[in-house]
Amino acid sequence: MFGFARLLPFSLPAAAQASLRTVVPELPVPFGLNLKLPLGIKTSSALRTVSPWSAFVGPRVTQAIPHILRGAPVEGALLVAGEPVSAVSADPDFDIAKYLCCIVRQDAEHLCRSRGERVIVAAALTDYSDDGVGAAVRHWKLETPAERQAFLQSYTDRLFDAFLPPILNHGFAFEAHPQNTLLRVDASTGEVRGFAVRDFGGIKVHRPTFRASTGADIEMLPDSCTEAHTMDEVFDLAYHTLVQCQLHRLIRVLGLHYRGDGWAIVRCSFERRVPSDHPLRLAWYQATFELKCFVSMKLDGLYRHYTYHKVPNVLFYKNEDEGV
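Using mature numbering (1 follows the signal peptide of the UniProt record, and there is no 0), the letters of the sequence shown correspond one by one to residues -18 to -1, 1 to 306.
Okay, structure coming up:
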């Protein structure tokens, strides 16, 4: 496929990350950068490589990070692991080019270490041990409903402080699902301080809004899925990643779903940050929401296309008797 490629006469050991295809080079002196490699791994319905769209947009988003974070009411709520460099194949067939692209990404742990913080992949918090206890419950010793509610309140407040301002201010949504999102905690006390985020391949940017608010732009290749043609696309990505993928799983692990108290905490935190007449509030407070059908998509072998099914909005869940 790539007849011009040469195998170089050296190798470098690297450690794996929870992020598929991303490795941490093992060097005597860590330099704070990771490598995302174009290894073909099929997860859900998509064969995961590194597309030219993702490799191209990464450094452009990195240059725009100061604009993206501008105007955030809580300073330091979000740290962004930038992608300063990428290599993009020049093959005009992107189905071939995606096997020869590479992204250099800042290491989130390295970014946080000087701040006295450590990072935890958000997805790890919702793992269960053999005895059925969730990782978040075990790690923070959340033995009572009140302790679990307090943890969820802290987590949700910091999550929304991190990811809602770029949406509200600039029409920019990170793909903040639990694998891309890292919880930042105090290295000494374990107190939740904020979040870090990585991976720009699935962001959504409404460029007219972004240009109007920042005076800057984020260049993209034609037909890139990162460009939102309406603000509703930005709102939908945020709902899917923050509410359905992240908070929904955490609420269930904390045992706060069936009584509805977990969702009451989320609604209260959201309403404190988003005015009642804002389009984001109207979008997230629809009676029903279209969710991705991952099993159907996998069976149909879909790539860059999606199947949706309309379901009641879980944000309005009250309790086991009343439902939504």
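Where a beta carbon is used, it is the ideal one built from N, C-alpha and C, also for glycine.
Under 8 Å between C-beta atoms of residue i and residue j
| i | j | result |
| --- | --- | --- |
| H152 | S195 | yes |
| R166 | L61 | yes |
| T270 | K300 | no |
| K186 | L219 | yes |
| S1 | Q161 | yes |
| I102 | L164 | yes |
| G98 | A169 | yes |
| M213 | V39 | no |
| R120 | S111 | yes |
| F298 | L262 | no |
| V70 | P34 | yes |
| R87 | K18 | yes |
| Y182 | E91 | Residue identity check: residue 182 is Phe in the sequence provided, not Tyr. No, they are not a contact pair. |
| C84 | V43 | no |
| A106 | A117 | yes |
| R3 | L21 | yes |
| Y290 | E272 | yes |
| A198 | A54 | no |
| V235 | T138 | no |
| G14 | D89 | yes |
| H159 | Q268 | no |
Residue i: first and last residue of the uninterrupted alpha helix (DSSP H) it sits in
| i | result |
| --- | --- |
| G176 | It is not in any alpha helix (DSSP H) - G176 instead sits in the beta strand (DSSP E) that spans V174 to V179. |
| L(-7) | Element bounds for L(-7): n/a, residue is neither H nor E. |
| R254 | D243 to R255 |
| H49 | I47 to L51 |
Strand pairing of residue i, partner residues [DSSP]
| i | result |
| --- | --- |
| E209 | V187 |
| V32 | Per DSSP, none; premise fails for V32. |
| Q88 | L15 |
| P294 | T270 |
| S68 | I85 |
| G116 | Y110 |
| L165 | I102 and F177 |
| N301 | G305 |
Where residue i falls: helix, strand or coil (DSSP)
| i | result |
| --- | --- |
| Y267 | coil |
| Q(-2) | coil |
| E8 | coil |
| F182 | coil |
| F156 | coil |
| R100 | strand |
| G283 | coil |
| C23 | For clarity, residue 23 is Ile in the given sequence; the question names Cys instead. Looking at I23 - three-state DSSP - the assignment turns out to be strand. |
| V216 | helix |
| D139 | helix |
| L150 | helix |
| V56 | coil |
| P204 | coil |
| C227 | helix |
| L124 | coil |
| S258 | coil |
| residue 348 | This structure does not reach residue 348, given that the chain is present from -18 up to 306, and the question cannot be answered. |
| Y221 | helix |
| T289 | coil |
| C94 | helix |
Of the residues the options, the one placed nearest residue i, counting alpha carbons only
| i | options | result |
| --- | --- | --- |
| H239 | F271, A79 and E304 | E304 |
| P147 | R95, D243 and G58 | G58 |
| M(-18) | R254, K80, G283 and D181 | K80 |
| S206 | I23, L(-11) and S36 | S36 |
| R254 | P(-6), F142 and L15 | F142 |
| H287 | K274, F298 and H159 | K274 |
| L(-7) | R140, P7, G(-16) and L203 | P7 |
| E157 | Y221, L134 and K123 | Y221 |
| I50 | T191, C84, P204 and F154 | F154 |
| C250 | P55, L232 and L134 | L134 |
| F192 | D181, D243, G183 and E209 | E209 |
| A63 | T4, D109, L93 and G114 | L93 |
| L124 | P20, D199, F145 and L232 | L232 |
| E129 | N295, F276, G244 and R140 | G244 |
| E173 | S136, A265, A72 and P204 | S136 |
| P294 | G283, L284 and V306 | V306 |
| A(-3) | P190, N16 and Q131 | N16 |
| R52 | P190, A144 and R175 | A144 |
| P204 | V11, P(-10) and P74 | P74 |
| R175 | R95, L281 and A72 | R95 |
| G(-16) | L82, R189 and H211 | L82 |
Unbroken beta strand (DSSP E) run spanning residue i, endpoints
| i | result |
| --- | --- |
| I233 | No beta strand (DSSP E) contains I233, which is instead part of the alpha helix (DSSP H) from H230 to V235. |
| V62 | L60 to V62 |
| I78 | Note, I78: premise wrong, no beta strand (DSSP E); alpha helix (DSSP H) at F76 to A79. |
Residue-chain proximity (residue i, chain D), Cβ-Cβ < 8 Å
| i | result |
| --- | --- |
| G40 | In the structure shown, chain D cannot be found, because there is only a single protein chain. |
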